[in-house]
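For reference, the structure is listed below as structure tokens.
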Amino acid sequence: MMSRNMFEFPLMTSRTGVGDKNREEVNNLGNKFSVNDEYDQAFRTKSYIDIWSKVQGELGTSHRDYYHLSRYLIEPKQEFLMQMDLHPLLIDYFKLSLEACNVCGLLLQCIDQTRVNYCIIQSVIKLAKRVPPDDNDQCGIIFRELVSFGKLNNPFSCSTSTGMDFEAVIHHRYGMLLNQLIRSRDKNVKKAKIIHFLKMAYGAGLVVACVALVCVTLVLSIHGLVGIVAAPAIISCFPFGFFKGRKRMNSEAKSLRKKLISQLDAAAKGIYTVKRDFDTMSRLIMRLNNEIDHHKAIAWLCVRNKKSYMLKEVVREFQTHESRFLKQLGELEEHVYLCFVTINRARRLVIHEIMAKPKPQ
371 MMSRNMFEFP
381 LMTSRTGVGD
391 KNREEVNNLG
401 NKFSVNDEYD
411 QAFRTKSYID
421 IWSKVQGELG
431 TSHRDYYHLS
441 RYLIEPKQEF
451 LMQMDLHPLL
461 IDYFKLSLEA
471 CNVCGLLLQC
481 IDQTRVNYCI
491 IQSVIKLAKR
501 VPPDDNDQCG
511 IIFRELVSFG
521 KLNNPFSCST
531 STGMDFEAVI
541 HHRYGMLLNQ
551 LIRSRDKNVK
561 KAKIIHFLKM
571 AYGAGLVVAC
581 VALVCVTLVL
591 SIHGLVGIVA
601 APAIISCFPF
611 GFFKGRKRMN
621 SEAKSLRKKL
631 ISQLDAAAKG
641 IYTVKRDFDT
651 MSRLIMRLNN
661 EIDHHKAIAW
671 LCVRNKKSYM
681 LKEVVREFQT
691 HESRFLKQLG
701 ELEEHVYLCF
711 VTINRARRLV
721 IHEIMAKPKP
731 Q
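Here is the structure:
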């Protein structure tokens with residue numbers, strides 16, 4: 371289980387082009403929709419266990435398709451969303467959240483491959499315990515094992531397809547979409563305020579017009595029969611029906627605008643939450659990447675040196691860090707499953723706002 375302190379770090383914005391104003395908006399989102407308070411209860415929930423069971427069920431088959439795990443895990447399904455008339459930014463949000471789910475699947479593949487690769491290190495540790503330092507034949511077997519490990523690619527390297535997908539989806543596109551959602555939401559909020567101000571001014575003008583009409587009626591009434599006959603005609607000319615229809619149309623437009631603002635806000639919160647999860651995974655991946663590169667470096671150093679004392683020191687280094695490395699790998703895997711849960715929860719919140727009926731004004 372990961373400690374809560376791991377998640378208390380500033381949002382990464384230097385690579386997403388977030389300005390001071392938008393950075394403040396992003397921080398406000400974090401205050402409104404804090405994910406730190408949820409991490410302590412997120413692991414081992416029913417949603418988490420359900421996702422874990424689905425992944426194990428799919429990967430337990432003979433043909434492991436990590437990239438398309440999202441077909442079975444994503445909720446709601448993309449086919450359902452294609453039937454809806456959505457705002458362009460919401461379409462981008464759902465597409466990008468699906469890509470994030472795909473990246474999580476690839477991360478699981480990297481984790482599994484890392485475990486397979488690390489079996490060589492564990493084999494070296496076991497062999498070294500049984501082999502005397504002066505047994506050249508057995509030491510030769512260990513050196514060959516180290517060579518095979520050194521030749522393996524680092525699954526978490528930025529040069530791999532997973533590393534590039536991770537970089538593109540999270541550090542670039544997620545940051546850009548978050549900024550666009552915030553700007554669009556703020557634009558609609560400002561528009562709503564302007565319309566409200568204009569309606570207030572319009573109402574004040576209507577009151578003035580009514581007062582003027584009353585004054586005209588009173589003046590005409592002074593002239594006796596002419597005023598009595600003319601007053602109803604003047605009042606009937608006033609477009610009360612038009613104002614009622616206009617008021618109803620304005621009320622409907624206001625409801626739809628408020629609904630759109632709620633949808634954009636929910637999507638922005640979803641982006642923020644998932645990005646926080648991915649930022650945390652980025653730190654875990656960087657740590658594992660450095661550990662693997664270090665293991666490969668000392669393995670090659672030992673192979674080039676081919677001295678028994680060097681082999682002894684390298685094996686001791688592997689043995690010292692074995693439990694920590696496997697724990698870090700388990701933490702990353704656990705967080706990938708949590709990210710699946712977070713993606714689906716965020717998508718469901720946006721769908722909830724989309725499906726909600728506009729409240730009458």
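Everything in the sequence shown is counted per the working numbering, starting at 371 for the first residue and increasing by one.
Glycine is no exception: its CB is placed at the ideal position from the N, C-alpha and C atoms.
Pairwise C-alpha distance: residue 634 and residue 555: 6 Å
C-alpha gap between residue 478 and residue 706, whole angstroms: Going by the C-alpha atoms only, they are around 7 Å apart.
Just verifying my parser: in three-state terms, what is the DSSP assignment at residue 716? If DSSP states are grouped into helix, strand and coil, residue 716 belongs with the helices.
Selected residue, minimal CA-CA separation from residue 697, among 481, 631, 642 and 663: 481
Going by alpha carbons, who is nearest to residue 625 out of 702, 516, 724 and 647? 724
In chain order, what residues of the same chain lie with their CB nearer than 6 Å to the CB of residue 453, ignoring the 5 residues before and after it? If the five residues before and after residue 453 are omitted, its C-beta is found closer than 6 Å to no C-beta atom of its own chain.
When the Cα atoms are used, what is the spatial distance from residue 489 to residue 714? 34 Å
Compute the distance between the beta-carbons of residue 512 and residue 486, then report whether it is under 8 Å. no
Cβ contact check for the segment 514-525 and the segment 665-681: 3 or more pairs under 8 Å: yes
Whose C-alpha, out of 701, 661 and 499, is nearest the C-alpha of residue 691? 661
By the 10 Å Cβ neighbour count, where 16 or more other Cβ atoms means buried, how is residue 561 classified, buried or exposed? Classification for residue 561: exposed.
Grouping DSSP H, G and I as helix and E and B as strand, with all else coil, what is residue 727? coil
What does the alpha-carbon distance come out to for the pair residue 421 and residue 702? 15 Å
Can you give, in chain order, each stretch of the alpha helix (DSSP H) that sits fully within the segment 452-533 and has at least 4 residues? Those alpha helix (DSSP H) runs which fall completely within the segment 452-533 and span 4+ residues are 458-500 and 506-521.
Tell me the residue span of the alpha helix (DSSP H) that contains residue 418. 416-429
Which term fits residue 669, buried or exposed, when burial requires 16 or more other beta carbons within 10 angstroms of its beta carbon? So residue 669 counts as buried.
Just the C-alpha distance for residue 476 and residue 645, rounded to the nearest angstrom, thanks. 17 Å
For residue 663, three-class secondary structure by DSSP: helix
Does the separation of the CB atoms of residue 445 and residue 717 fall below 8 Å? yes
Could you compute how far the alpha carbon of residue 641 sits from the alpha carbon of residue 721? 14 Å
Closer than 8 Å by C-beta to residue 524: which residues in its own chain qualify, once you throw out the five before and the five after it? Chain order, please. 530, 659, 662, 663 and 666
Around the Cβ of residue 679, are there at least 16 other Cβ atoms within 10 angstroms (buried) or fewer (exposed)? Counting Cβ neighbours within 10 Å, residue 679 comes out exposed, since fewer than 16 surround it.
With 16 other Cβ atoms within 10 Å as the buried cut-off, status of residue 711: buried
Would you say residue 484 lies against chain B (beta-carbon separation less than 8 Å)? Absent from the structure is chain B; it holds one protein chain and no more.
Can you tell which of 546, 557 and 677 has the C-alpha that lies nearest to the C-alpha of residue 462? 546
Using the rule of at least 16 other Cβ atoms within 10 Å of the residue's Cβ for burial, across every protein chain shown, is residue 643 buried or exposed? buried
Contact set for residue 471: own chain, Cβ-Cβ below 7 Å, skip 5 residues either direction: 440, 443, 444, 710 and 713
Which word fits residue 639, buried or exposed, when buried means at least 16 other C-beta atoms lie within 10 angstroms of its C-beta? buried
Buried/exposed call for residue 688, threshold 16 Cβ in 10 Å: It is buried - the Cβ of residue 688 has at least 16 other Cβ atoms within 10 Å.
Classification of residue 419 by the beta-carbon crowding that lies within 10 angstroms, buried from 16 upward: exposed
Given the structure, does residue 650 come close to the ligand FAD, in the sense that its CB is under 7 Å from one of the ligand's heavy atoms? Of the ligands one can find in the structure shown there are none, so the ligand FAD has no counterpart to examine.
Would you give the residue range spanned by the alpha helix (DSSP H) that residue 443 belongs to? Secondary structure note for residue 443: its alpha helix (DSSP H) is the uninterrupted segment 440-443.
Which term fits residue 415, buried or exposed, when burial requires 16 or more other beta carbons within 10 angstroms of its beta carbon? exposed
Just verifying my parser: in three-state terms, what is the DSSP assignment at residue 436? coil
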